[in-house]
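Trainee: Here full-length UniProt numbering is used: the first residue of the sequence shown is 1, the next is one more, and so on.
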Amino acid sequence: MRLLIAEDTLDLNRALQAILEKSGYEVTCTYDGQEALDHVMAETFDGIILDIMMPRMDGIEALRKMRDRGVKTPVLLLTAKAEVDDRVAGLDAGANDYLPKPFAMRELLARVRAMCRQTTTDDAPLSVGGTTLRMGTSELSAENSVCLSSREAELLQLLMRNVGRPLSRAFILGHVWGDDSTATDEGLVLYLSYLRDKLAAVGSALVIAEGADSGVTLDVSRHG
């Protein structure tokens, strides 16, 4: 998943980039509100991390301009300000969440996961290679249809949104299981086997591949 960071403090910007990339995100870094706005209008992101106090254009103004121009990407505001008025201004401008500085990186990652889930939890059907997933009902359909468990649906949704792209096991576990203490590689392997069985049951052309080093990849079979 693609994230945009807008933070003018170089050390914090680099630290955020490092921890997010280690967690499997694709990260674009910017250092002021205008630069962030330019990137958002030219590219597509799954989430935006936006500092409030930045040069050229502050985060709240940049956010207002994004929303005015129809950008619906979830936004997490970072702020050193503790005043209620600043938090209210950010939320009124269209922020989905805020995180006051200083913060723990673990909390940041949890909020980013929650933010990105907002991108993917609407009821619009998700279709890849003739296979459709409806998150509202957890229905998977191709030639036939079956219902998935909520975790199966979340896992398949993540794979379908990243079709053809290898995802690390750590990224998948963090995104689907979050801080759940039951999250293990063995559990992931089990759920992938459930999904393979259900994809076969509906006659789907989607194939889940696992590599020792390359992670997990969803592809469309070219053979029938």
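We put the beta carbon where it would ideally sit given N, CA and C, even for glycine.
Since this is a predicted model, take the numbers as computed values, not measurements.
(1) Among all the DSSP beta bridges, which residues are the ones paired with VAL216?
(2) Would you mind listing the beta strand (DSSP E) stretches within the segment 52-139 that are 3+ residues and don't spill past its ends, in chain order?
(3) I'd like to know whether the C-beta atoms of VAL220 and GLY129 end up nearer to each other than 8 Å.
(4) Put residue 225 into one of helix, strand or coil per three-state DSSP.
(5) Give the straight-line distance between the Cα atoms of LEU63 and GLY178, rounded to the nearest whole angstrom.
(6) What residue does the alpha helix (DSSP H) around GLU35 start on, and which one ends it?
(7) Decide if GLY211 is buried, meaning its Cβ has at least 16 other Cβ atoms within 10 Å, or exposed.
(8) What distance in whole Å lies between the Cβ atoms of ALA6 and LEU50, which are believed to be in contact at a cut-off of 8 Å?
(9) Please determine, among SER204, LEU167 and LEU108, the residue with the shortest C-alpha to C-alpha distance to SER141.
(10) Span of the beta strand (DSSP E) holding ARG222?
(11) How big is the Cα-Cα spacing for SER149 and THR30?
(12) So, helix, strand or coil for GLY187, using DSSP?
(13) Within this structure, are the beta carbons of ALA95 and VAL75 separated by less than 8 Å?
(14) Which residues bound the alpha helix (DSSP H) around LEU16?
(15) If we ignore side chains and look at the alpha-carbon of each, how far apart do LEU37 and VAL84 end up?
(16) Short check: CB of LYS101 to CB of THR79, under 8 Å?
(17) At the level of alpha carbons, what is the spacing between MET115 and LEU167?
Mentor: Considering the structure as presented:
(1) LEU167 and GLU210
(2) 75-79, 97-100, 126-128 and 131-134
(3) yes
(4) Beyond the ends of the chain as shown, which are 1 and 224, falls residue 225; an answer cannot be given.
(5) 27 Å
(6) 33-42
(7) GLY211 is exposed by the Cβ-count criterion.
(8) 5 Å
(9) Among SER204, LEU167 and LEU108, the Cα nearest to that of SER141 is on SER204.
(10) Careful: ARG222 lies outside any beta strand (DSSP E) and carries neither H nor E.
(11) Their backbone Cα atoms lie some 39 Å apart in a straight line.
(12) helix
(13) Yes.
(14) 10-22
(15) Each residue's Cα considered, the two are about 25 Å apart.
(16) Yes.
(17) 19 Å
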